[in-house]
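Taking it in order: structure first as structure tokens, then the write-up.
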Amino acid sequence: MKELQQILDAMEPGEALAALTPQLREILAQLDEEAVVAFVTGLMNGPDGDKVSSMVNL
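Its first residue numbered 304, the sequence shown is counted upward by one per residue in the working numbering.
What follows is the structure in structure tokens.
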């Protein structure tokens with residue numbers, strides 16, 4: 304996992320996201336809807352507790 308973090312840190316944010324998207328899509332497809340919503344909500348809720356995710360309709 305440390306190696307993956309180093310690789311991602313060396314990339315531009317957009318490039319890292321593009322590289323991760325296919326793998327994330329495969330992983331999320333294997334989860335139930337509740338787990339996907341929990342994951343997306345976790346992404347949307349930053350450390351400040353922002354509730355932007357409540358506006359997202361999945």
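Beta carbons are placed, not taken as given, at the ideal position from N, Cα and C, and that holds for glycine.
Pair within 7 Å by beta-carbon distance, residue i and residue j
i	j	result
V339	L331	yes
A319	L311	yes
heavy atom of the ligand GDP below 6 Å from residue i C-beta
i	result
A332	Judged by which ligands are present, the structure shown has none, so any question about the ligand GDP falls away.
Of the residues the options, the one placed nearest residue i, counting alpha carbons only
i	options	result
A322	Q333, Q308 and L334	Q308
Residue environment, residue i, which counts as buried when at least 16 other CB atoms sit within 10 Å
i	result
A313	exposed
K305	exposed
- Item | Contained alpha helix (DSSP H) runs [length at least 4] in the region 306–348, N- to C-terminal order | 316–332 and 336–347
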